[in-house]
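These notes are about the structure you will find just below.
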Amino acid sequence: MALTVADIQAPIAAEMTLFEQKFRNQMKSDVRLLDHIMSYIVKRKGKQLRPMFVFLMAGVCGPIAEATYRGASLIELLHTATLVHDDVVDDSNYRRGFFSINALWKNKIAVLVGDYLLSRGLLLSVDNGDFDLLQIVSTAVREISEGELLQIEKARRLDITEPVYYEIIRQKTASLIAACCAVGARSVGSSPEQVAKARLFGEKVGIAFQIKDDLFDYGTAEVGKPLGIDIKEKKMTLPLIYALNNASFFERRRIINLVKNESDNPRKVDEVITFVKQSGGIDYATQAMNRYVTDAQQLLDAFPDSRYRQSLHQLVQYTIDRSK
1292 MALTVADIQA PIAAEMTLFE QKFRNQMKSD VRLLDHIMSY IVKRKGKQLR PMFVFLMAGV
1352 CGPIAEATYR GASLIELLHT ATLVHDDVVD DSNYRRGFFS INALWKNKIA VLVGDYLLSR
1412 GLLLSVDNGD FDLLQIVSTA VREISEGELL QIEKARRLDI TEPVYYEIIR QKTASLIAAC
1472 CAVGARSVGS SPEQVAKARL FGEKVGIAFQ IKDDLFDYGT AEVGKPLGID IKEKKMTLPL
1532 IYALNNASFF ERRRIINLVK NESDNPRKVD EVITFVKQSG GIDYATQAMN RYVTDAQQLL
1592 DAFPDSRYRQ SLHQLVQYTI DRSK
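See below:
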C-alpha cells in the first residue's frame, strides 16, 4: 500500500501540530481585513511538504529546537509571499484549487498581503537573532526570482539547452527545498559541512521533484494542472528538450514553430505531446529523475540512521511517486 503524508509525518506529528499553531499566531494581525485574509491562507494550506523537510532534517541532525519552528515559519512566510505575488504577475485566479488572493481581493490588496508576509518573515528572524537562517532563505528567494526571469528570457527564443534547463529548475524549485533542509540542519546547531550536505540533498530532491512535475504535462492523471499547460506557456521542459535534440533539422523547426506560434491550438499541442512521447522524451526524463533520487538517497545515507532519516527517505520517494 502506498505511503500517505500522514505515515511519513509520524515521527514529527506532534511537532507539525504545534508548528501549525505557532504559524497561525505569527500571521495574526490587528487589521481585520488582513487577519481575515491570513485565516484564508492558513486554511488552504497544501500538504506542507516544506515544513516536513525542515523538521525531518532537524531530527536527523539533532534534537528539534525552538529555532526549527522559526525556520519552518520563515520558509512558509517568504514562500507564501512569493506565491501571492506570482498570482498577481500571472493574473491567476486559482491556487491549489481555491480562489487566489488577487481573485478575491484584487491586485492591490494581494501585493500588500505579499509584502506583509515578507515583513513578518524578516522580523521573525531579526527579532530572534536567526540571521543564519534568514541568509539561507533569502538566498533561496533571490534564486527563485532569478530562475523565473531566466526562464522568461529563454522562453522568448525557445533556445533552452539541458544545462540551462537544469539551472532554471535548480533555482526555481530546488533552491527552496535545499533551503528547507539547510534550515533544518542549521536550526539544531549543525556544522557548516553538515548544513552544506543537507542543502545538497535538498537540491537533488528538488530537481527530481520538478522533473516529475514536468512529466505530468504529458500524462493523463488529474494533477491539478491541465495537460500540455507547459507547452501552452512555451516552457521548455526536459522531455521536449531531449526530443528536439534528437530530431531532424526540419522536424525540430516544425515543432518549435508549433510551440512558438500555435500553442493555443489544442490539436497542435497534442501533436507536440505525441512527438515527445514517440521520441523517447518521457523515458529520458524519467531516467534523469531517478538518477537525482538515487544521488539524494546516497547523500541522506551519510547521516546517522534514525526514524527521521527513514521518513526522509520515504518523503523523497513520495515526491516522485505522487500523482499530483
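Take this note's numbering: the last position of the sequence shown gets the number 1615, and nothing is skipped along the way.
Backbone N, C-alpha and C define an ideal beta-carbon position, used for all residues, glycine too.
- Item | Cβ pair residue 1546, residue 1584 closer than 8 Å | As a working note, residue 1546 is residue 255 in the sequence shown. As a working note, residue 1584 is residue 293 in the sequence shown. Contact flag unset, no.
- Same chain only: Cβ atoms within 8 Å of residue 1516, ignoring 5 sequence neighbours per side: As a first step, residue 1516 is located in the sequence shown; it is residue number 225 there, counting from the start. Residue confidence for residue 1516 is low, a pLDDT of 47 falling below 50, so the modelled location carries little weight; the figure read from the coordinates is stated next. Cβ within range, chain order: 1507, 1508.
- Item | Three-way DSSP call (helix, strand, coil) for residue 1511 in this model | For this step, residue 1511 is matched to residue 220 along the sequence shown. Because the pLDDT at residue 1511 is just 42, under 50, the model does not fix this residue reliably, and the point stays unresolved.
- Query: Just the Cα atoms here: how many angstroms apart are residue 1349 and residue 1505?
  - Reply: Taking the sequence shown and counting its residues from 1, the one referred to as residue 1349 is at position 58. Taking the sequence shown and counting its residues from 1, the one referred to as residue 1505 is at position 214. Going from the Cα of residue 1349 to the Cα of residue 1505 covers about 29 Å.
- Query: Could you check where the alpha helix (DSSP H) with residue 1481 kicks off and where it finishes?
  - Reply: If you number the sequence shown from 1, residue 1481 lands on position 190. Where residue 1481 is concerned, there is no enclosing alpha helix (DSSP H), given that its DSSP letter is neither H nor E.
- Query: Quick one: complete alpha helix (DSSP H) runs, 4+ long, within the segment 1497–1567?
  - Reply: 1520–1523, 1529–1536, 1540–1552
- Query: Anyone know if the C-beta pair for residue 1602 and residue 1347 falls short of 8 Å?
  - Reply: Position 311 of the sequence shown, counted from the start, is the residue given in the question as residue 1602. Position 56 of the sequence shown, counted from the start, is the residue given in the question as residue 1347. Yes.
- Just curious, the alpha helix (DSSP H) that residue 1308 is in, first and last residue? Residue numbering aside, residue 1308 sits at position 17 when the sequence shown is read from its first letter. Where residue 1308 is concerned, the enclosing alpha helix (DSSP H) stretches over 1304–1317.
- Item | C-beta atoms of residue 1467 and residue 1502 nearer than 8 Å | To locate residue 1467, count along the sequence shown from 1; it is residue 176. To locate residue 1502, count along the sequence shown from 1; it is residue 211. No, the pair does not count as a contact, with Cβ atoms beyond the cut-off.
- Message: residue 1473 and residue 1490 - do their beta-carbons sit closer together than 8 Å?
- Response: Sequence index remark: in the sequence shown, residue 1490 carries index 199 (1-based). Sequence index remark: in the sequence shown, residue 1473 carries index 182 (1-based). Their beta carbons are under 8 Å apart, which means residue 1490 touches residue 1473 by this criterion.
- Would you kindly check if the distance between the Cβ of residue 1392 and the Cβ of residue 1406 is under 8 Å? For the purposes of this step, residue 1406 is taken as the residue at position 115 of the sequence shown. For the purposes of this step, residue 1392 is taken as the residue at position 101 of the sequence shown. Cβ distance not < 8 Å, so residue 1406 and residue 1392 don't count as in contact.
- Task: Could you work out which residue in 1361, 1365, 1404, 1430 is closest to residue 1331 when comparing CA atoms only?
- Result: Translated into the one-based positions of the sequence shown, residue 1331 becomes position 40. Selected option, being the one with the closest Cα: 1404.
- Task: Would you check if the distance between the CB atom of residue 1411 and the CB atom of residue 1318 is smaller than 8 Å?
- Result: Here residue 1411 is taken as the residue at index 120 of the sequence shown, counted from 1. Here residue 1318 is taken as the residue at index 27 of the sequence shown, counted from 1. The answer is yes: Cβ separation under 8 Å.
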